[in-house]
Amino acid sequence: MTTTDLQAGFDETIAHEWRVEPRDWMPDGYRRTLVRQVAQHAHSEIIGMQPEGGWLTRAPSLRRKQVLMAKVQDEAGHGLYLYSAAETLGVDRDDLTQQLVDSRQKYSSIFNYPALSYADVGTIGWLVDGAAICNQVPLCRSSYGPYARAMIRVCKEESFHQRQGYELLMTMMNGTDAQRAMVQESVDRFWWPSLMMFGPPDADSPNTEQSMAWGIKRHTNDELRQRFVDMSVPQAAALGVTLPDPDLAWNDDRGAHDFGEPDWSEFAAVVRGDGPCNVQRVAHRRAAHEDGAWVREAATAFAAKQAAS
Ligand SMILES: [Fe+2]
Ligand SMILES: [Fe+2]
Numbered sequence: 192m193t194t195t196d197l198q199a200g201f202d203e204t205i206a207h208e209w210r211v212e213p214r215d216w217m218p219d220g221y222r223r224t225l226v227r228q229v230a231q232h233a234h235s236e237i238i239g240m241q242p243e244g245g246w247l248t249r250a251p252s253l254r255r256k257q258v259l260m261a262k263v264q265d266e267a268g269h270g271l272y273l274y275s276a277a278e279t280l281g282v283d284r285d286d287l288t289q290q291l292v293d294s295r296q297k298y299s300s301i302f303n304y305p306a307l308s309y310a311d312v313g314t315i316g317w318l319v320d321g322a323a324i325c326n327q328v329p330l331c332r333s334s335y336g337p338y339a340r341a342m343i344r345v346c347k348e349e350s351f352h353q354r355q356g357y358e359l360l361m362t363m364m365n366g367t368d369a370q371r372a373m374v375q376e377s378v379d380r381f382w383w384p385s386l387m388m389f390g391p392p393d394a395d396s397p398n399t400e401q402s403m404a405w406g407i408k409r410h411t412n413d414e415l416r417q418r419f420v421d422m423s424v425p426q427a428a429a430l431g432v433t434l435p436d437p438d439l440a441w442n443d444d445r446g447a448h449d450f451g452e453p454d455w456s457e458f459a460a461v462v463r464g465d466g467p468c469n470v471q472r473v474a475h476r477r478a479a480h481e482d483g484a485w486v487r488e489a490a491t492a493f494a495a496k497q498a499a500s
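Structure follows, in structure tokens:
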């Protein structure tokens with residue numbers, strides 16, 4: 192078959208909303224875009240263990256500790272499914288990890304913010320996992336089969352994460368004045384960075400159009416951000432917290448909420464590597480990777496021994 196025939200077959204797959212599978216021919220740009228997106232997603236899951244992971248030894252009760260432990264372990268699992276999905280595109284997990292620890296590949300900007308109080312564990316579950324769900328549910332229909340299938344299980348677990356966060360916050364809001372203040376302070380810090388999780392405004396997102404044409408992405412950044420705001424406003428009201436945006440208001444004509452503009456210069460700085468915790472997050476990941484070298488060596492030696500016998 193000529194490249195033209197192969198391209199026509201690929202175009203037909205996309206036009207019919209069929210799935211592209213690892214054995215299928217795909218354009219180089221499609222493969223490159225997916226490798227970048229799936230690798231960044233995998234790295235985000237792994238780095239995303241850090242902000243809350245720091246609270247595991249300081250959880251306020253055994254129940255909270257069990258819940259948090261389960262959540263952080265889920266994120267490790269999400270990372271592993273996603274590295275496996277990336278490997279079906281012909282890249283190597285070791286190489287992707289190396290690119291992460293050398294800061295040659297990115298992860299979600301949100302994980303460069305610190306978790307300063309236990310209320311942050313709740314807020315991260317509610318808002319950060321909530322934003323992740325808005326981003327990821329449409330990816331269950333992504334055109335690349337292994338990525339779409341990985342997303343189904345990931346989304347089920349993310350929805351547990353969001354609920355545990357919301358339940359934690361609701362418990363604190365029903366507690367003392369000091370606990371309520373702790374929740375509000377946490378929401379004040381995480382609201383805007385959560386809106387930034389959807390990426391830059393559509394006008395500044397040059398890759399969106401091609402990703403949508405390929406069926407890798409299903410909605411634009413601004414569409415998803417709007418959906419997240421509309422979902423969060425009634426949840427904030429039920430909790431009794433104020434979202435820190437004076438421009439937030441229901442717009443009857445649009446049937447949606449108007450809201451203020453995130454500080455895109457802050458977003459650019461965090462993406463560039465100048466967020467509050469970028470250096471710490473990557474250093475921690477690098478140290479964990481180096482400390483784990485003996486485990487990888489032992490596992491490889493064991494696998495070789497098994498294969499020989
Ligand atoms: Fe996750
Ligand atoms: Fe999660």
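Residues in the sequence shown are numbered consecutively from 192, following the numbering used here.
Using N, Cα and C, we set each Cβ at its ideal position, and we do this for glycine too.
Just so it is clear, the structure is predicted and the values come from calculations on it, not from any experiment.
Can you give me the start and stop residues for the beta strand (DSSP E) that residue i sits inside?
{"i": "Trp441", "result": "Ala440 to Asn442"}
{"i": "Asp501", "result": "Limits of the chain in this structure are 192 at one end and 500 at the other, which puts residue 501 out of reach."}
Is residue j closer than 8 Å to residue i when the C-beta atoms are compared?
{"i": "Met342", "j": "Leu430", "result": "no"}
{"i": "Arg476", "j": "Ile237", "result": "yes"}
{"i": "Phe389", "j": "Ala447", "result": "no"}
{"i": "Tyr298", "j": "Leu287", "result": "no"}
{"i": "Pro453", "j": "Trp383", "result": "yes"}
{"i": "Leu271", "j": "His232", "result": "no"}
{"i": "His207", "j": "Asp265", "result": "no"}
{"i": "Val319", "j": "Ser385", "result": "yes"}
{"i": "Arg222", "j": "Leu280", "result": "yes"}
{"i": "Asp368", "j": "Pro435", "result": "no"}
{"i": "Gln370", "j": "Val345", "result": "no"}
{"i": "Tyr335", "j": "Pro467", "result": "no"}
I'd like to confirm something about residue i: is its beta-carbon nearer than 7 Å to some heavy atom of ligand 1, or not?
{"i": "Glu349", "result": "yes"}
{"i": "Asp269", "result": "Residue identity differs from the one stated: residue 269 is His in this sequence, not Asp. Yes, the Cβ of His269 comes within 7 Å of a heavy atom of ligand 1."}
{"i": "Glu358", "result": "no"}
{"i": "Val420", "result": "no"}
{"i": "Glu236", "result": "yes"}
Could you tell me whether any non-hydrogen atom of ligand 2 is closer than 7 Å to the CB of residue i?
{"i": "Ala404", "result": "no"}
{"i": "Ala323", "result": "yes"}
{"i": "Asp311", "result": "no"}
{"i": "Glu266", "result": "yes"}
{"i": "Asp320", "result": "yes"}
{"i": "His232", "result": "no"}
Between which two residues does the alpha helix (DSSP H) containing residue i stretch?
{"i": "Phe419", "result": "Asn412 to Leu430"}
{"i": "Gln198", "result": "Thr194 to Ala206"}
Looking only at C-alpha atoms, which of the options sits nearest to residue i?
{"i": "Ala310", "options": "Arg255, Thr279, Asn412 and Val229", "result": "Arg255"}
{"i": "Val473", "options": "Ser294, Arg249 and Gly200", "result": "Ser294"}
{"i": "Gly244", "options": "Leu197, Pro218 and Ile315", "result": "Ile315"}
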